[in-house]
Every structure is written in structure tokens, then in C-alpha cells.
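Be aware that the sequence shown starts at 1, since it is given in UniProt numbering, and climbs by one per residue. Each residue gets a CB set at the ideal place from its N, CA and C atoms; glycine is no exception. Predicted model only: the values in this text are computed from it and were never measured.
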Amino acid sequence: MKRFFCGLALSVLTLAAVPVGQVSAAGNTIAKGVKIGDIDASGMTVEEAKEAVEKKVREVAEGELILTGGNGKKIPVKGSELGITWSNPNVIKDAYAIGHEGNVVERYKEGKDVEESTVKFDIEYGIDKEALSKVLRKCSTEFNSDLENVNLAKEKAKEEKNKKGTKEKRERALKEGEGDQATGITGYLVNMEESKAILKDFIANSWTPENNEVELAVRTVDAFKNEEALQKMSDVLGTYTTGYRDSGAARSANIENACGLLNGITLEPGEELSILDTITPFSEENGYYPAGSYLNGLVVESIGGGICQVSSTLYNAVLLAELDVIERHNHSMIVSYVEPSADAAIAQSGGKDFKFRNNTDSPIYIEAICTPDKHVTFTIYGHDNRPAGRKVTYKSIILDKTPASEDKYMTDPSQALGYVGMQSAHLGYKSQLCKVVEENGVESATKIINTSTYNMVPRIIMVGTKGATEADIAELKTAMDTKEIKTVRNVAQELGKKKSVAASLNTDSEADQKKTVTTDSDLEGAEARNDKPENKEKKKGILSEG
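Here's what the structure looks like:
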């Protein structure tokens, strides 16, 4: 009983020490120190805060933005032209919740914390996609008016000096720039997705009636025959992004090199593009490095490994642009960077290519960007004459799945005795890619684009036999017949130790004294990146599947 009353007395004393006004967080008003955007909401009721934010949104919608880019022109645009709306009205409830939730002590503590350090909630603005497209097309027109002619041959030469590629390719490109057309214009393409993000951030965090100038994401493009041709290449027909953050340095370099060779290509109406012809040869002289690729169910090292991610990313941009796909092949095994049936494999040895045709009424321009955080984006610009309410999406459908069979054990004469490596299993898949067309929000058509089959590959255990005697190999095969990875690893390690000791006694070469042991954890996840460091068959020949 004594303990109960002591505890009760302590609780009463604690409550008595908290000012009543603080406990209630100023009654039904927002706590001191809470901001919504640049609005100090301290002491406001929920309704007052809502009215203040609505007033701010109206101010932005009725205000003016100055959009800049390209040739330095400044284009005034009303916020209402962008269809600006307030997209997170629940932020008022979130702001009010500070200091009003939890028990008395928790509310008091949170209220004091807010007083000492301001809590800010962002106002999120919605921008109408169609209205934005209209404004950006207007900007593109303005940025590209009254442009001066430039010498096409000189500009082409300047561009090619900064491009990676073979000497023959650069010379061929320069020759193409020296045709009958001696002069042209340098144009500016507005990146819709980047510009949308820039505008939303600027409006939410920086815009005031005095600070209303914002620079759009604009790319300089050399060099068009005339202004009419340029104006027909200002729409984004399709754009797609994949990530390669888990890739090693060599695979990353291959992706970036292939993007450099594809970036800036212009296709005239009816013209076709072969990706294999454009980015080959796969050689060190052409900027490629050995990295992981697929060959006969194995992840092997070949020059140019990783470029299939480039062709697959472009394939998805081409699909969204609704260009004609002439040739496309799926990989032999599933890949991780796109959905099943959304890949496009490139294989010089097998002749696998990705080809497409410009089926529009104007030239198209291909932009390839690799970002510092390892994302690759392809954007196709052109003249979009599709209906305004038309929307195209693609759905990957799994038709069948084949589970992995039992582990497969293989000897590897390229690895030293004692080495045990592992390649993860691949499930087998049969899939379809389905095109879904919507007209004004209503599904109007579906079409199967491709059906793809991906091989099942069991987990593969690679056992090194370099330097092994016939007796060693026989002992290893006996261990492998048990199908027990632990047994195989123990036998391999023991034989490797014996080999090392024997080599030391016989003063053999330093290389023969070394042994390599790979554990399961060393290899987890490496195969999905196509960049596994230790279980690759050393093959620096023609690329199989990138």
C-alpha cells in the first residue's frame, strides 16, 4: 500500500509541474514553432491554417514565373497556365498533431521541443501534366526562335572529338556531316521530367513574387537543317530509366561508354537503327572492359559485359514512343533490371541485335544520360501527333515458372586447387509483354508485344582443379558425387593445403602456393548484378549476352 501511494503522489507532483496551458498545446490551436511552407502556423486553428495555405496556393497560381533556358530567353508564365493545385491538404492535420498526441507528459515535451527547434511541413503542389506539356512546348518554340546558323561540319567535328568510339566511326560521322547542307542551327530540347521536378521544387521552396525566375532542364543539340525541322523534334515521345548502382567499375564503364555512342543520334522518318552496329566492336580500343555476361547458363567475363542493360532501357523508351521494333531478343536467363519480356539482349557472337525504325512523320532525337548515382535514362524526342488523351503502358505477365533443379557440380581448370565458387540458381520463366492503350482514361485496346522464354539454371558449384593430380581430381569427384557443398568444400580445402605445403617444400612458384576459398556469403547477390568477381569463366573474347 505504501508503494502505491508514493507512486501516486509522485505522479501528481509531476503533473502539477506542467503548466496547464502547455499541456493543452494552446487548446485547439497549432503549437508554437510549427511552419507550413513559409507560413508560421503558430497559434492558428486548423481552419485558419487551411485558409492561410489556400491563400498561398492562390498567390502562386495567380502569380508569375519566369522560365529560362536555351538561348537565354525569359518566358513569363502564369501559375494558372501550369494547372497548379494544392496536393497535400492533410498536411494541416499533421501540423496540428504536433503537441496534441500522446499522454500529458509526451504532449508537453513535444511542445517544448517544437518551441526550441522549428518543425516545418512542406506544401506540395500538383502540376497538370497536359498543361505542363503545353507550356514546355511553348518554351521549346521560344527557345528555338531567331537562332543563328552554324557550320554543320565544324559542329559535327567538335561533337565527335568529345565522343568515345573508334577512329573509323568518328571519321564516318564527320564525313556524314559534310554533305550538301553546309549550314544549320543549334537547337534546345526541354527535358519534361527534369523540368517538372525543378518547377515543383522551386514553387514549393523558393518562389516569391520577387524571386520568380527558374531555369529549366534544357539540352543543347547540334545541328538541325532548319527551324521547322527543330520544331518537329520538341516533344518527349518516350523516356525510361534503369539503375546500375550495384554494378562494379568495369560494368558501369561499359554502360556509360555504350550510352555515349548512342547519345545524340538523329533518325529521319523511315530510318532504322541497329544497336549492335552502333556500339560495336566490343573491344578495349572502343572503350569497353571485361565484365559479366551470360553464356550457356553461366555468368562469364567478356569484353562489353553489361551493355544489354543499355539496349533494354532503350527498348522500353522505344515501346513508350510506339516506334516500330524490327528485331528484339530476350536473354537466355532472367535479368534483374527490367521485368520479364521487357529486356532486349545484345550478343555479337550469336548475332542478337535490337533494331527499330522511326515510323513518325518527323526526325527523332535519342538522348542517353548516365547520372552520378548510376541511373541510365533514354529519352526519345520527336513530333508527337498522337491524340492528347492517349496513354500507353506495358504489363509483364508471367505465364509459367520453372523451379530450379538440384545443384550442379562442375570442375574449373582455370581456378586453383582449393577453390570452391558458386553461381546462384535462376528460375525458368515464360512471360508475355502486353501493351495497354487508354483513351481519355478508358482502356481501349490491348496487344501482346512479345512472348519470351527464359531458361532455368540450377545453382552451380565450381570446383578448382588447376595444379591437381589425377588422384586429387578423383577425390574431388567423389566428394562432388555426395551433392553436399560442405563435404566438397572441406575436401577441396584439404587438398589445397596439401598442394600448398608440397609447393613450399619443392620451392615452386609463388602463384602455385596460393589458394582461394569462396564461401556462400561471398557470392550472395553477385550474380544478379552480372558482375560476380570470383566465379566467372575467364573469357575475354566476343561478347555473348551483355
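Cβ shell of residue i (< 6 angstroms), same chain only, five flanking positions each side left out
| i | result |
| --- | --- |
| A368 | C259, L262, N263 and F378 |
| G306 | R251, N254, I255, A291 and G546 |
| G389 | E439 and N440 |
| G238 | A317, L320, A321 and I380 |
| G297 | V457 |
| A425 | A404, P458 and R459 |
| I75 | L67, C139 and E142 |
CB-CB length for residue i against residue j, believed under 8 angstroms
| i | j | result |
| --- | --- | --- |
| L417 | A471 | In fact, because the Cβ distance is near 12 angstroms, the residues do not count as touching under 8 angstroms. |
| E81 | A131 | 6 angstroms |
| residue 549 | K466 | Outside the modelled stretch of the chain, which goes from 1 to 546, sits residue 549, for which no answer is possible. |
| K56 | I123 | 7 angstroms |
| C434 | Y394 | 7 angstroms |
| I39 | A31 | With 8 angstroms as the limit, I39 and A31 do not qualify as a contact, their Cβ atoms being about 14 angstroms apart. |
Residue i versus residue j - alpha carbon distance
| i | j | result |
| --- | --- | --- |
| L505 | G496 | 14 angstroms |
| G126 | A204 | 10 angstroms |
| A474 | K401 | 37 angstroms |
| D235 | Y294 | 37 angstroms |
| A49 | I92 | 7 angstroms |
| P403 | M422 | 18 angstroms |
| G243 | N257 | 15 angstroms |
| I460 | S332 | 16 angstroms |
| N211 | S302 | 53 angstroms |
| M192 | S133 | 7 angstroms |
| R37 | F121 | Note that residue 37 is Gly in the sequence shown here, rather than Arg. Distance between the alpha carbons of G37 and F121 is about 6 angstroms. |
| K391 | V376 | 23 angstroms |
| N144 | V190 | 11 angstroms |
| S87 | T68 | 26 angstroms |
| W207 | D373 | 28 angstroms |
| E494 | D481 | 17 angstroms |
| Y289 | V463 | 26 angstroms |
| V335 | K355 | 20 angstroms |
| E142 | E194 | 19 angstroms |
| L65 | V135 | 12 angstroms |
| K447 | D128 | 29 angstroms |
Three-state secondary structure assigned by DSSP to residue i
| i | result |
| --- | --- |
| V335 | coil |
| T141 | helix |
| N490 | helix |
| D52 | Checking the sequence, you will find Ala at residue 52 rather than Asp. DSSP places A52 in helix when its eight states are reduced to three. |
| I30 | coil |
| G72 | coil |
| G546 | coil |
| R390 | strand |
| I380 | strand |
| T313 | helix |
| A368 | strand |
| T278 | helix |
| M192 | helix |
| F202 | helix |
| T239 | strand |
| N254 | helix |
| I98 | coil |
| T482 | coil |
| S424 | coil |
From the options, residue whose alpha carbon lies closest to that of residue i
| i | options | result |
| --- | --- | --- |
| S283 | S311, N296, K408 and A253 | A253 |
| Y365 | R58, G70, S87 and Y188 | Y188 |
| L314 | L67, K447 and D353 | D353 |
| I449 | R328, M410 and R357 | R328 |
| Y454 | D343, I30 and I75 | D343 |
| S274 | I326, A61, R459 and N385 | I326 |
| residue 552 | V77, N71 and T68 | A question about residue 552 goes unanswered here, because the residues of the chain that appear run from 1 up to 546. |
| residue 549 | L216, V221 and E59 | This structure does not reach residue 549, given that the chain is present from 1 up to 546, and the question cannot be answered. |
| V214 | N385, T482, K483 and K73 | K73 |
| D384 | R137, D128 and A52 | R137 |
| D324 | V221, P89, E272 and Y289 | E272 |
| D277 | G351, G287, Y288 and L267 | G351 |
| D407 | P281, T141 and K483 | K483 |
| A492 | E142, T220 and V420 | V420 |
| T241 | A345, C370, V218 and C139 | C370 |
| T280 | T266, S311, G428 and L267 | S311 |
| G304 | H100, A345, T487 and K498 | A345 |
| P89 | R386, V60, E47 and D128 | E47 |
| R58 | K498, G79 and V300 | G79 |
Chain-order list of residues whose beta-carbon lies under 7 angstroms from that of residue i (same chain, five-residue window excluded)
| i | result |
| --- | --- |
| S452 | N330, P340, S341 and S431 |
| V34 | A41, S42, A95, I98, V114 and V119 |
| L267 | L273, N358, P363 and I364 |
| S396 | E339, P340, S341, A342, S431 and L433 |
Proximal residues to residue i (C-beta, below 8 angstroms), its chain only, five neighbours per side dropped
| i | result |
| --- | --- |
| G270 | R357, N358 and N359 |
| G382 | K232, M233, D235, L237, A321, N358, T360, S362, P363, I364 and Y365 |
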